[in-house]
Amino acid sequence: MLMMLSLHFAIAQTLHADPDNGGLKTPAGFGVIVVTPTLGKARHIVAAEDGTLFVKLRQLKDGKGIYMLRDENGDGKADQIKGYDNYGGTGITVYNNYLYASSDSSVYRYAISPGKDPINEKKREVVISGLPYRPVHEAKTITIDDTGKLYVNIGAPSNACQETDRTQGSPGINPCPLLETFGGVWQFDANKTNQKFTDGIRYSTGLRNCVALEWDSHSQQLYAVPHGRDQLNTLFPNLYTDEQNAELPSEEFFQLKKDGDYGWPYCYYDHFQHKKLLAPEYGGDSKTTTGCENKEQPLMAFPGHWAPNDLLFYHGTLFPEKYKHGAFIAFHGSWNRAPLKQGGYFVAFVPFKDGKPSGDWEVFAEGFSGGPEIKSPKDAVHRPMGLAEGPDGSLYITDSVKGTVWRIIYTK
Amino acid sequence: MKKHFFYITICCILLTSAIPLSLAQQEQIDPGKSVYEKHCLSCHQADGSGVPGMNPPLSKVSWVTGNKTKLIQTVLNGISTPLEIDGEVYHNPMPSHDLLSNQQIADVLTYIRSHFGNTANAVTAAEVKKVRGK
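See below:
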C-alpha cells in the first residue's frame, strides 16, 4: 500500500497532461500526454515490466517493423526510440520475459534483456510459421494465457463466405470451407519454438476477424470482439436499407470457450431484436433465427462497423476503482456506414464484475478523428488502434494513421 | 418599399433557382452518379477517398484517370489481389460488376473520371462493349 501511495505521488509530481490534452477528450480527472507523435502505421502495443513500450507497425518505417519507446527523464514523452526487425504485422505481447510479435503468417519471440538494447533481432526465435495467409483480414493478433497457451486470430479472408466474395447474387457456401483454416482463434504453445499451423488446435470458430483478442488474467477467461460482416444493404438491397446497414450487424463482445461456435458466416447478431439471425447469404430475411439456435451469444453488442481493433482488461490501481478489471475497447472507426455518417473512432470502457459486463459501455477517450463528424475514413486525422497498460497503471493508445502514441494518466 | 421588397424577392428567387438548383439538376440528371451511389459508394466513399488499407481511392489516381481499357476491365472482372497506390496497400477484393450494362459502366466511369478532382475524358458504351467482347 505504501508503495502504491508513493507511486501515485511520484506520478503527480512528475507527469503533467499536455496543455491540449493530446488533442483528445477524456473524463474529468484524466489527462493525456503524447508519448510520440509520428511513429508510422502503428498497430498493437505492449508495455514491458520496466515500462519500455514496444509497438508493432503494419508497414515498415525506415526498414523496421517493431519500435521500442522509452521515457528516460520521466516526463511521459519518449526520448529513446529504436526500430527492430524487418516485417510488418499487428500482434505484440510480453510473456515470461519474452517479447512476442507477429507478421501476417508467423509469430516470433525475442528474449528481453535489461539495458539499452532490450531485444536482439538477430536472436529472434520462430514460435509459429506457416499460418494461413490471404491478403484480407490478415492480421494475426496474439494473446497468451497464464499457463503459456498462445492464442492466434486467423481472420476469414472473406466478407460472408459467398461463392464470389462481396458479389451481389452470389450464394453463401454451405458448409463454409474457409472455417477449416480461417475464421477462428487457434491455440498454440507459447513456450515451444518452430511450431507449424498443424501443431495448433482450433479453439473457437465462427469468428470473422478477431483483431481485438485478449486473455484476462483476473477472470482467467479469453475474450474477443470480432469485426462483423459488411454490406447487408448493397448485397441485399431488397432486405436492408442504408439506415439498417449502418447499424447492423452488431459488433459482438464474446467470452471465448473451447469449441465454441460464434456464428460467422451463417448467423449475425441484431442488437435491436436481441437475437442471432440467419445471414441473407444462407436464406435469412432479416428476421429468421432458424439455424442460429446453437450459436454462442455475445456478452454485449455494439452498433455495426465500428471496427473493434483492440481489447484490454485494466488491472491497475492508478485509475479510479470503477475501472479495475474492466475492459477498454479501441474502435478503429467505420467505413461501411456510408452513405450515413461514420461511427466509432473512440476508445470505449465496459465495466466488469466476475468476468461479465456489470453495466453499459461508455465513451472513454474521443477526438481522435479531429472533427465532430467523419464522412469518410480518410478524413480521420488519427484512428485509435492498440491498447496497453503500463506498470504504473497508465493506459497507452496507438494511432494507425500517423502513429501517435498517447498515455492516459489520472491526476486527481 | 413594396416595390423594393418585390425586387429583392425576385432577386432571391432568381439566385436560388439560377445557381444552386441548376447544380442540383445537373447532379440529378447524371446517370453515372446514381450508379456510383448504388454500386460503388459504400466501399470507395462519397468523395472517392476510399478506405486506407482496404479500398483504394478513386481521387487523382492514374488507375482511374489513365488507360480506359484497364479501367473498364477492372469494373467487368474485379480485382482479387492487393493494390499498392502511393505507398499504401489496399487489401479488399473488388467484385466483378459485369451485370451492369455497357451504358451504366460508361456512365459511372465517366462520372469518376470527372469528379473527385479528376478531369479525364468520358468513357463511351461502345468502348465498354469493345472490352467486354474481347
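Sequence order for the protein chains is A and B.
First residue of the first sequence? That's 805 in the numbering used here, and the numbers climb one at a time after it.
First residue of the second sequence? That's 623 in the numbering used here, and the numbers climb one at a time after it.
Ideal Cβ positions, reconstructed from N, Cα and C, are used throughout, including at glycine.
Computed from a predicted structure; not experimentally measured.
Out of A:D1074, A:H941, A:S1180 and A:K1099, state which residue places its alpha-carbon closest to the alpha-carbon of P679 (chain B). Minimum Cα distance to P679 (chain B) is reached at A:S1180.
Kindly indicate which three-state DSSP category F1001 (chain A) falls into: helix, strand or coil? Correct three-state label for F1001 (chain A): helix.
Could you give the distance in angstroms between the alpha-carbon of L1011 (chain A) and the alpha-carbon of D908 (chain A)? L1011 (chain A) and D908 (chain A): Cα-Cα distance of roughly 17 Å.
For Q695 (chain B), go through chain A and note every residue whose CB falls closer than 9 Å to its CB, in chain order. By Cβ distance, chain A contributes nothing, its closest Cβ being about 16 Å from Q695 (chain B), past 9 Å.
For H666 (chain B), report the span of its alpha helix (DSSP H) as first-last. L663 to H666 is the extent of the alpha helix (DSSP H) around H666 (chain B).
Measuring CA to CA, which of A:K944, A:V956, A:Y871 and A:T971 is closest to E925 (chain A)? Taking each of A:K944, A:V956, A:Y871 and A:T971 in turn and checking the Cα distance to E925 (chain A), the smallest one comes out for A:Y871.
So which residues on chain A does G739 (chain B) lean against when the C-beta distance must stay under 7 Å? Within chain A, not a single residue places a beta-carbon under 7 Å from that of G739 (chain B); the smallest gap is close to 13 Å.
Give, in chain order, every unbroken run of the alpha helix (DSSP H) that is at least 4 residues long and sits entirely within the region 821 to 887 of chain A. Contiguous alpha helix (DSSP H) elements confined to the region 821 to 887 of chain A do not occur, taking only those with 4 or more residues.
Output, in sequence order along the chain, the residues in the region 1131 to 1143 of chain A whose CB is closer than 8 Å to any CB in chain B. Closer than 8 Å at the C-beta level to chain B, one finds these residues of the region 1131 to 1143 of chain A: W1139, N1140, A1142 and P1143.
Which runs of the beta strand (DSSP E) at least 3 residues long sit entirely within the region 694 to 727 of chain B? Give them in chain order. Counting only runs of 3+ residues, the beta strand (DSSP E) found wholly inside the region 694 to 727 of chain B occupies 705 to 707 and 710 to 712, in chain order.
Counting only beta-carbon separations shorter than 8 Å, does R1012 (chain A) have a partner in chain B? No, its Cβ sits nowhere closer than 8 Å to a Cβ of chain B.
Among all the DSSP beta bridges, which residues are the ones paired with V1154 (chain A)? According to DSSP, which records beta bridges pairwise, V1154 (chain A) is partnered with A:A1131.
Range covered by the alpha helix (DSSP H) that runs through W1110 (chain A): Note, W1110 (chain A): premise wrong, no alpha helix (DSSP H); not H, not E.
Beta-carbon proximity check, Y1070 (chain A) vs Y1044 (chain A), cutoff 8 Å: Not a contact, by the Cβ cut-off of 8 Å.
Measuring only the C-alpha atoms, how far is S1198 (chain A) from F1117 (chain A)? Those two C-alpha atoms are separated by around 13 Å.
Identified DSSP bridge partners for E1056 (chain A): In DSSP, E1056 (chain A) forms a bridge with A:A1105.
Y1027 (chain A) to L954 (chain A) span [Cα, whole Å]: About 13 Å.
For the putative contact between L1060 (chain A) and Y1007 (chain A), defined by C-beta atoms under 8 Å, what is the C-beta separation to the nearest angstrom? So it is a contact: roughly 7 Å between Cβ atoms.
8 Å is my cut-off, CB to CB: does D1203 (chain A) come that close to chain B? Using a CB distance cut-off of 8 Å, D1203 (chain A) does not count as an interface residue toward chain B.
In terms of residue numbering, what span does the beta strand (DSSP E) encompassing N957 (chain A) cover? Per DSSP, N957 (chain A) belongs to the beta strand (DSSP E) from K953 to I958.
Check whether the Cβ of S1173 (chain A) lies closer than 8 Å to any Cβ atom in chain B. So no, S1173 (chain A) is outside the interface.
Closest to A668 (chain B) by CA distance: which of B:K692, B:L722, B:I734 and B:G700 is it? Distances from the alpha-carbon of A668 (chain B) to those of B:K692, B:L722, B:I734 and B:G700 put B:I734 closest.
Could you list which residues in chain A have their beta carbon closer than 7 Å to that of G672 (chain B), in chain order? At a beta-carbon threshold of 7 Å, the residues of chain A lying near G672 (chain B) are K1182, ordered along the chain.
Three-state secondary structure (DSSP) at S906 (chain A)? When DSSP states are grouped into helix, strand and coil, S906 (chain A) belongs to the strand group.
Out of curiosity, what's the CA-to-CA distance linking K1182 (chain A) and A832 (chain A)? Each residue's Cα considered, the two are about 30 Å apart.
Residues bridged to C1071 (chain A) [DSSP beta-bridge criterion]: Bridge partners of C1071 (chain A) according to DSSP: A:L1082.
To the nearest whole angstrom, what separates the beta carbons of Y888 (chain A) and I849 (chain A), a pair I think is in contact under 8 Å? Contact between Y888 (chain A) and I849 (chain A) does not hold, since the beta-carbon distance rounds to 14 Å and is not under 8 Å.
Alpha carbon to alpha carbon, how far is R1187 (chain A) from K751 (chain B)? Taking the straight line from one Cα to the other gives about 42 Å.
Could you list which residues in chain A have their beta carbon closer than 8 Å to that of Q667 (chain B), in chain order? Counting only Cβ-Cβ distances below 8 Å, Q667 (chain B) has contacts in chain A at W1139, A1142, K1179, S1180, P1181 and K1182, in chain order.
Do you know how far the Cα of S1138 (chain A) is from the Cα of L1144 (chain A)? Going from the Cα of L1144 (chain A) to the Cα of S1138 (chain A) covers about 11 Å.
Tell me whether the beta-carbon of A1083 (chain A) lies closer than 8 Å to the beta-carbon of G976 (chain A). Yes, the pair counts as a contact, with Cβ atoms nearer than the cut-off.
Would you mind giving the Cβ-Cβ distance between P717 (chain B) and R970 (chain A), rounded to the nearest angstrom? I have them listed as a contact below 8 Å. Contact between P717 (chain B) and R970 (chain A) holds, with the beta-carbon distance rounding to 5 Å and staying under 8 Å.
Chain A contact for N714 (chain B) (CB, 8 Å cutoff): It does: the Cβ of N714 (chain B) has a partner Cβ on chain A nearer than 8 Å.
Segment contact flag, the region 831 to 846 of chain A with the region 1198 to 1212 of chain A, C-beta cutoff 8 Å, min 3 pairs: Contact holds: three or more Cβ-Cβ distances are below 8 Å.
L1004 (chain A) versus N901 (chain A): straight-line alpha-carbon distance, rounded: A small fix is needed here, since residue 1004 (chain A) is Gly in this sequence, not Leu. Looking at the two C-alpha atoms, the distance is approximately 23 Å.
Going along chain B in order, which residues have a C-beta closer than 8 Å to the C-beta of G942 (chain A)? Correcting the residue type first, residue 942 (chain A) is Glu in the shown sequence and not Gly. Ordered by position in chain B, the residues that pass the 8 Å Cβ test against E942 (chain A) are H713.
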